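Just so you know, the sequence shown maps onto residues 403 to 747 in this note's numbering.
In this text, a Cβ means the ideal position worked out from N, Cα and C, and glycines have one as well.
All values derive from a computational prediction rather than experimental measurement.
What follows is one structure encoded as structure tokens, with my remarks underneath.
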Amino acid sequence: MTIILGIESSCDETGVGIVRLGSDGSVELLADEVASSVEQHARFGGVVPEVASRAHLEAMVPTMRRAFDVAGLRLSDVDAIAVTCGPGLAGALLVGVSAAKAYALSLGVPLYGVNHLAGHVAADTLEHGALPAPTLALLVSGGHSQLLRVDDVAGQITEIGSTIDDAAGEAYDKVARVLGLPYPGGPPIDQAARRGNPKAIAFPRGLTGPRDAKYDFSFSGLKTAVARWVEANETGGIPVDDVAASFQEAVADVLTAKAVRAATDLGITTLVISGGVAANSRLKELAADRCTAAGITLRVPRPRLCTDNGAMIAALGAHLVAAGVKPSSLDLPTNPALPVSTISV
403 MTIILGIESS
413 CDETGVGIVR
423 LGSDGSVELL
433 ADEVASSVEQ
443 HARFGGVVPE
453 VASRAHLEAM
463 VPTMRRAFDV
473 AGLRLSDVDA
483 IAVTCGPGLA
493 GALLVGVSAA
503 KAYALSLGVP
513 LYGVNHLAGH
523 VAADTLEHGA
533 LPAPTLALLV
543 SGGHSQLLRV
553 DDVAGQITEI
563 GSTIDDAAGE
573 AYDKVARVLG
583 LPYPGGPPID
593 QAARRGNPKA
603 IAFPRGLTGP
613 RDAKYDFSFS
623 GLKTAVARWV
633 EANETGGIPV
643 DDVAASFQEA
653 VADVLTAKAV
663 RAATDLGITT
673 LVISGGVAAN
683 SRLKELAADR
693 CTAAGITLRV
703 PRPRLCTDNG
713 AMIAALGAHL
723 VAAGVKPSSL
733 DLPTNPALPV
743 STISV
């Protein structure tokens, strides 16, 4: 048995996860503790990098202690450490990587600098087991909307589509602000949409024309369309629930249609949806319907594993250890723009 410690600090969550890698390659989650600084960013309507970095500094040790208490382990039980080294906010990444280096050096264990995005894919293995090869992953979060071909979560991930402007999560936050809903925008829009009519307003579906890139996304135009509709109709009172439902339907429609199309085109029969927006009720519902119709197996981790967390980083670290991947050096750098094809550094 091998104990892997995972550290995540790419944005506004300080995550510490601990997993046990079995001799048969199985990965068991022992602890998943998260400290979020989202309330500190709410008044700004988005993440403030300096605030996030300071919050990570304050939360790292207490979160680490909670994780080991939950797991019933000691630091001396750790056999390897995985840490997010990119992509993400520069200062926030530095806090996590610095902590991981200190722990690795003091414990004399190998260090793995890993890709945050690959971690989101690996999170699904904690709930549903090994990924079939190949698997298609739809990663949707506050900063990313991507379609990824996953041939090996520890060795080969290829981006086949991405957003050319706002990610889906960013669009949710901006539309929530227009509608007077709290930050982050995903949960309140989802809640309001359940009371609304998704067909009330015909909002545009970006990059869905015959000449558009088949697998890329664009949500900036949709966000602008919502803002203009609200501005044009505000004198008569804004039906917030209908606007939210119509906006959410447009996002879910594009994400699921492109994901199913990509899987079908590539002959892939398993789709994993991960990232914070994967917790959205309409996205999961529509994806399930379309995957069933197309004969595709849909896998979505439970909501806690979809958002940023240390468990997904520990899981990715376990897969790297199992695959015999070479550890990182102690001069491991951070890379805020680390491409998803670079799984470990």
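*For Ser439, is the classification buried or exposed, using 16 other Cβ atoms within 10 angstroms of its Cβ as the cut-off for buried?*
In this structure Ser439 is buried. Its beta-carbon is surrounded by 16 or more other beta-carbon atoms within 10 angstroms.
*Considering only residues of the same chain and omitting the five flanking positions on each side of Ser411, which have a CB-CB separation below 7 Å?*
His458, Thr486, Ala494, Leu495, Val497, Gly498
*Tell me the start and end of each unbroken alpha helix (DSSP H) in the region 708-747 that is at least 4 residues and wholly inside, in chain order.*
712-724
*Name the DSSP beta bridge partners of Glu825, please?*
Since the first and last residues shown for the chain are 403 and 747, residue 825 lies out of range.
*What first and last residue would you give for the beta strand (DSSP E) that runs through Gly563?*
For Gly563, the enclosing beta strand (DSSP E) has its first and last residue at 558-564.
*Using the C-alpha atoms, what's the distance from Ile559 back to Asn517?*
11 Å
*Compute the beta-carbon to beta-carbon distance between Asp592 and Tyr585, rounded to the nearest angstrom, for a pair I have assumed lies under 8 Å.*
Not quite, the Cβ-Cβ distance comes to about 14 Å (not below 8 Å), so this is no contact.
*Alpha-carbon spacing of Leu549 relative to Val727, whole angstroms*: 25 Å
*Starting from Ala646 and walking both ways along the alpha helix (DSSP H), at which residues does that stretch end?*
642-668
_By the three-class DSSP mapping on this structure, what secondary structure does Leu583 have?_
coil
*With burial defined as no fewer than 16 other Cβ atoms inside 10 Å of the residue's Cβ, what is the status of Gly419: buried or exposed?*
It is buried - the Cβ of Gly419 has at least 16 other Cβ atoms within 10 Å.
*Within its chain, find whatever has a CB closer than 7 Å to the CB of Tyr617; leave out the 5 residues flanking it on each side and keep chain order.*
Leu549, Ile562, Gly563, Lys660, Ala664
*Determine the contact status of Leu707 and Glu529, defining contact as a CB-CB distance below 8 Å.*
yes
*For Gly678, count neighbouring C-beta atoms within 10 Å of its own C-beta (all shown protein chains included) and say buried if the count is 16 or more, exposed if not.*
buried
*Could you give the distance in angstroms between the alpha-carbon of Val429 and the alpha-carbon of Arg422?*
Taking the Cα positions, Val429 is about 6 Å away from Arg422.
*Leaving out five residues on either side along the sequence, give the residues of the same chain with a beta carbon under 8 Å from the beta carbon of Pro600.*
Ala647, Ser648, Gln650, Glu651, Arg684
*Tell me which same chain residues have a C-beta within less than 7 Å of the C-beta of Ala535, skipping the five on either side of it?*
Asp553, Asp554
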